[in-house]
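Using this note's numbering, the first residue of the sequence shown is number 14, and each one after it goes up by one.
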Amino acid sequence: MSRDPDPDDEILIEMNRIGGSMEVCAISTSDGLEIVFTAPSNAPRGDVEKLARAKLAYVRKKSEGQKMQEGEGSVGPQKPGGKRGLIA
């Protein structure tokens, strides 16, 4: 039973305390995907790491879905600048 390797098996985490909050930057070493978010400064490191892995997986899945849609052609009207959304 072989598993696919986890792309977020190894991540780099940088945490900067700013007042009562902490700016967290996480980078996946496998593909260089980077996310930045804010967490409470008293949050346990394990919880911050779990959240970083979840956010990396979410962003990766979302970007893969957008690549698939772009390959299928344009879906709906686009705003100027190539952004999607409603045009009123």
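Every residue, glycine too, gets a C-beta built ideally from N, C-alpha and C.
Is it buried or exposed, residue 37, if we count other Cβ atoms within 10 angstroms and call 16 or more buried? Buried is the call here.
CA nearest to the CA of residue 105, picked from 47, 70, 35: Within the shown structure, residues of the chain are numbered from 14 to 101, placing residue 105 beyond reach of any answer.
Sorted by chain position, which residues of the same chain lie with C-beta nearer than 6 Å to residue 49's C-beta, five sequence neighbours on each side aside? Excluding sequence neighbours, residue 49 sits near 38.
Taking the alpha-carbon of residue 44 as reference, which of 75, 59, 32, 69 has the nearest alpha-carbon? Considering only alpha carbons, the answer is 69.
Cβ separation of residue 42 and residue 24, assumed to be a contact under 8 Å, to the nearest whole Å: Between residue 24 and residue 42 the Cβ distance is about 7 Å, and since that is below 8 Å, they are a contact.
N-terminal and C-terminal residue of the beta strand (DSSP E) that residue 52 is part of: For residue 52, the enclosing beta strand (DSSP E) has its first and last residue at 47-53.
Pull up the distance between the alpha-carbon of residue 59 and that of residue 72, whole angstroms please. Rounded to whole angstroms, the separation of the alpha carbons of residue 72 and residue 59 is 20 Å.
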